[in-house]
Each structure stands twice: as structure tokens, then as C-alpha cells.
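K.L.:
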Amino acid sequence: MQFLTDGTAFLEPYIRQYGLYAIFVIIYLESFGAPLPGESALVAAALLATRGDFAIIDLFLAVWVAAVIGDSTGYAIGHFGGRPLLRRYGWIVRLTPERQRSLEEIFEKRGPIIVFGARFVVILRQLNGLVAGSVGMHFGRFLIANALGGLLWASVWTFGPYFLGDAFMQWRHWVGWA
1 MQFLTDGTAF LEPYIRQYGL YAIFVIIYLE SFGAPLPGES ALVAAALLAT RGDFAIIDLF
61 LAVWVAAVIG DSTGYAIGHF GGRPLLRRYG WIVRLTPERQ RSLEEIFEKR GPIIVFGARF
121 VVILRQLNGL VAGSVGMHFG RFLIANALGG LLWASVWTFG PYFLGDAFMQ WRHWVGWA
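So that you can map any letter, position 53 of the sequence shown is 53 in UniProt numbering, and since no number is skipped, the others follow by simple counting.
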């Protein structure tokens, strides 16, 4: 559990200095592929909100919007850049035309579920939009799944630490992790 404390300590000065702007940028960039500590920053911000550093609803809205816009940016990058690259150079990563068609069929049938669920898996969250755009998932279906997945993800990681932070800290002391 030391990683959570260390991550929060590292991010706290930036969040305190730049507030919701820092959270927005971190979540936005992480959502379209940048390897940034989005959930750690979000937990740190939610814990800071318990101290009154900013309103929890403002934090939630900033995170949700940043996640949806970031994933949509990743979709656009994948759609306009990744798709032609996969068609031309997919063989390098063993993505044959048959495998690409298979992947496109999977996203055609289960794309919304994949997009929604990928929000909760670390590497998939970063690559979600890029892949969906690259395999040609219909943007309307992507956007709905993206918005709903982002809504649930932002709710869990914003309101969870905000409302359960004290209980978690008490439990930590009780089990001897403090």
C-alpha cells in the first residue's frame, strides 16, 4: 500500500498547484494512450477533495469529460492514422488481413462491451480508443459506450475514495499496514 501513499505524495503538489486543470490534462492524455498515472492522480484528487481543496462534483465532471474526450481523441487517431497503418504494416505485428477482419468482426459484435469494460483495465484503458478507431468501430456506438464507461469509471474512482477514504485508512491501521 506504500505505492498509493507515494503516488499521492508525488502528485499532490501538482494537483494542489493546478487543481482540476492538472487532473483534466492527466486523465485526457492517459485516455488516448499516454502512459500516465490517471487513477493514482484521481484517487489523490478525491482525497484532497475530502479536505475541501475542491468540490467533488467539479472533480467528477472534469474527470468524466476528460476521459470521454481523451478516448474520442484516441478513436480519431486510430481511425485516421492507425487504420491505414494497420492495413499497410499490420504484417509486422502478425496482423494478417484475416486477423484484422476477425478483430473488426469482434468489434462489430461486441465493441460497445469491450469499450465499456476496457475503461477498468489499465493498459486497455489507454489503447481502447486507438484500437476501436483502427478497426473501424462505428463512432456513434463507440461514443455511447465510451460515455457510459467513462461515467461509471469516473464515479467509482472519484466518489469511492471520497466517501470511503476514511474507512480505508482505519482498516489500514487495523490490519497493520500503517
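Glycine included, every Cβ here is placed at the ideal spot set by N, Cα and C.
Does residue 115 pass the burial test, meaning 16 or more other C-beta atoms within 10 Å, or should it be called exposed?
P.N.:
Here residue 115 corresponds to residue number 115 of the sequence shown, with the count starting at 1. Buried is the call here.
K.L.:
Quick check on residue 37: does DSSP put it in helix, strand or coil?
P.N.:
In the sequence shown, the residue the question calls residue 37 occupies position 37. In this structure, residue 37 counts as coil in the three-state DSSP scheme.
K.L.:
Whole-angstrom Cβ separation of residue 46 and residue 162, contact assumed at under 8 angstroms?
P.N.:
By one-based count along the sequence shown, residue 46 stands at place 46. By one-based count along the sequence shown, residue 162 stands at place 162. Between residue 162 and residue 46 the Cβ distance is about 5 angstroms, and since that is below 8 angstroms, they are a contact.
K.L.:
Say whether the segment 127–137 touches the segment 86–105, bearing in mind that this needs 3 or more beta-carbon pairs closer than 8 angstroms, one atom from each stretch.
P.N.:
yes
K.L.:
Whether or not the segment 17–30 and the segment 63–83 are in contact is what I'm after, with contact meaning three or more pairs of Cβ atoms, one per stretch, closer than 8 angstroms; do they touch?
P.N.:
yes
K.L.:
Taking the runs of the alpha helix (DSSP H) that are 4 residues or longer, which of them lie wholly in the UniProt domain "VTT" (37–159)?
P.N.:
Taking only runs of at least 4 residues, the alpha helix (DSSP H) segments lying wholly in the UniProt domain "VTT" (37–159) are 38–50, 56–77, 83–89, 97–118, 122–134.
K.L.:
In whole angstroms, give me the CA-to-CA distance for residue 124 and residue 34.
P.N.:
What you label residue 124 is simply residue 124 of the sequence shown in a count that begins at 1. What you label residue 34 is simply residue 34 of the sequence shown in a count that begins at 1. Looking at the two C-alpha atoms, the distance is approximately 12 angstroms.
K.L.:
Beta-carbon within less than 7 angstroms of residue 147's beta-carbon, same chain only, minus the 5 sequence neighbours each way: which residues are those?
P.N.:
What you label residue 147 is simply residue 147 of the sequence shown in a count that begins at 1. So the qualifying residues of the chain are 68.
K.L.:
Which of the three DSSP states is assigned to residue 1 in this structure?
P.N.:
On the sequence shown, residue 1 is found 1 positions in, with the first residue counted as 1. Since pLDDT at residue 1 reaches only 49, below the 50 mark, its modelled position is unreliable, and the value read off the structure follows with that caveat. Three-state result, residue 1: coil.
K.L.:
If you run the structure through DSSP and keep just helix, strand and coil, what is residue 19?
P.N.:
Sequence index remark: in the sequence shown, residue 19 carries index 19 (1-based). Residue 19 falls in the coil class under three-state DSSP.
K.L.:
Under the assumption that residue 41 contacts residue 15 (Cβ atoms under 8 angstroms), give the Cβ distance between them as a whole number of angstroms.
P.N.:
Counting from 1 along the sequence shown, the entry for residue 41 is found at position 41. Counting from 1 along the sequence shown, the entry for residue 15 is found at position 15. That belief holds up - the Cβ atoms of residue 41 and residue 15 are roughly 7 angstroms apart, short of 8 angstroms.
K.L.:
Would you decide whether residue 157 is buried or exposed? Buried here means 16 or more other CB atoms lie within 10 Å of its CB.
P.N.:
As a first step, residue 157 is located in the sequence shown; it is residue number 157 there, counting from the start. Of the residues assessed, residue 157 falls on the buried side of the cut-off, its CB having 16 or more other CB atoms within 10 angstroms.
K.L.:
Which same chain residues end up closer than 6 angstroms to residue 145 when comparing Cβ atoms and leaving out the 5 residues on each side of it in sequence?
P.N.:
As a position in the sequence shown, residue 145 is number 145, starting the count at 1. Shown here for residue 145: same chain residues with a beta carbon closer than 6 angstroms to its own, the five before and five after excluded, namely 112, 115, 116 in chain order.
K.L.:
Three-state secondary structure (DSSP) at residue 32?
P.N.:
Locating residue 32 in the sequence shown gives position 32, counting from the first residue. Coil, per DSSP.
K.L.:
Take the Cβ of residue 17 as the centre, count every other Cβ of all protein chains shown within 10 Å, and call the residue buried at 16 or more, exposed below.
P.N.:
On the sequence shown, residue 17 is found 17 positions in, with the first residue counted as 1. Residue 17 comes out exposed.
K.L.:
Which residue's Cα is closest to the Cα of residue 120: 91, 139, 30?
P.N.:
By 1-based counting over the sequence shown, the position of residue 120 is 120. Closest option to residue 120, Cα to Cα, is 30.
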